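**Student:**
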Amino acid sequence: MSHGGAMELYQVLLAAYGRQKWWPADSALAMMAGAILVQNTAWTGAARAVQRLAEAGLLEAAALRQVDDERLWERIRPAGYFRVKGQRLRALATFLADYGDNCQRLFRLETTELRNALLKVHGIGKETADSIVCYGGGRAIFVVDAYTRRLFHRLGWSSAKADYDQLQQLVMGTVPPEADMLAEFHALIVRHAKNHCRSKPLCHGCPVVFCPGHSFPQGRE
DNA sequence: ACCCAGGGTCATA
DNA sequence: TATGACCATGGG
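Structure (structure tokens):
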């Protein structure tokens with residue numbers, strides 16, 4: 007089931023969980039900052055950090071460029087890796103200066119150009135870039151993450167260590183390139199993964215009924 | 001006390 | 001190309 011399977015999975019997840027509200031953010035810069043702050047970190051901490059930035063008036067590119075390290079670190083501490091992420095937020099703000107600190111102007115770039123431009127920013131890798139392209143720019147792109155890798159592997163759709171581009175192609179090569187659907191698909195995969203945290207019975211009411219085994223021996227899916 | 005969370009970079013082989 | 005170390009906080 008390597009073709010059409012992706013579409014079927016999407017429909018099953020959508021029926022099970024409904025539409026997710028992604029990406030929660032009050033502005034384009036808040037969304038991009040959140041994408042950096044959430045890297046390898048629970049969303050609750052990243053959201054708290056974004057809120058604290060907003061309260062300090064730091065969700066402006068110019069302000070992010072000027073604020074000193076200690077002030078910045080104190081705001082984003084709940085997201086973890088605060089020194090690294092502080093530097094990455096600065097790199098983003100510096101990058102935005104090339105577009106007059108205007109995110110909408112950045113988002114006018116053609117999809118591939120936008121992605122490549124973001125990838126040049128220190129601290130923005132493929133997943134973060136695609137998240138911004140998808141949820142910030144509203145473009146048709148599928149975001150791959152650890153959940154996606156795990157789920158697709160469990161479904162027998164990919165090898166254990168398929169790389170990012172392969173997994174992305176697995177979806178984008180087989181489903182219609184609709185921005186809203188691809189955005190929803192990734193959000194649903196994350197939603198599904200959260201449903202199977204280790205504190206809950208595995209696969210109790212699991213909507214992905216075509217999972218091989220259906221009960222996952224190694225724990226979470 | 002341990003594990004993991006909506007990654008990415010850097011040094012090393 | 002491909003591993004491993006490192007970054008840090010918070011909740012289960």
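Residues in the first sequence are numbered consecutively from 7, following our numbering.
Ideal Cβ placement from N, Cα and C applies to all residues, glycine included.
All values derive from a computational prediction rather than experimental measurement.
So, helix, strand or coil for residue 24, using DSSP?
**Tutor:** Coil at residue 24, not helix or strand.
**Student:** For residue 131, name the three-state secondary structure that DSSP assigns.
**Tutor:** Reduced to three states, the DSSP call for residue 131 is coil.
**Student:** Using three-state DSSP, classify residue 213 as helix, strand or coil.
**Tutor:** Residue 213: coil per DSSP, three-state reduction.
**Student:** Can you tell me where the alpha helix (DSSP H) with residue 109 in it begins and where it stops?
**Tutor:** That run of the alpha helix (DSSP H) goes 109-112.
**Student:** Tell me which same chain residues have a C-beta within less than 6 Å of the C-beta of residue 140, skipping the five on either side of it?
**Tutor:** Closer than 6 Å at the Cβ level, and outside the excluded window around residue 140, lie 147, 149, 189.
**Student:** Would DSSP call residue 79 helix, strand or coil?
**Tutor:** Helix, per DSSP.
**Student:** State the DSSP-derived secondary structure class of residue 15, mapped to helix, strand or coil.
**Tutor:** Here residue 15 sits in helix by DSSP.
**Student:** Please say whether residue 95 and residue 102 have beta carbons closer to each other than 8 Å?
**Tutor:** Not a contact, by the Cβ cut-off of 8 Å.
**Student:** Report the three-state DSSP secondary structure of residue 122 (helix, strand or coil).
**Tutor:** Three-state result, residue 122: helix.
**Student:** Give a yes or no on whether the C-beta atoms belonging to residue 135 and residue 121 are separated by under 8 Å.
**Tutor:** Contact flag set, yes.
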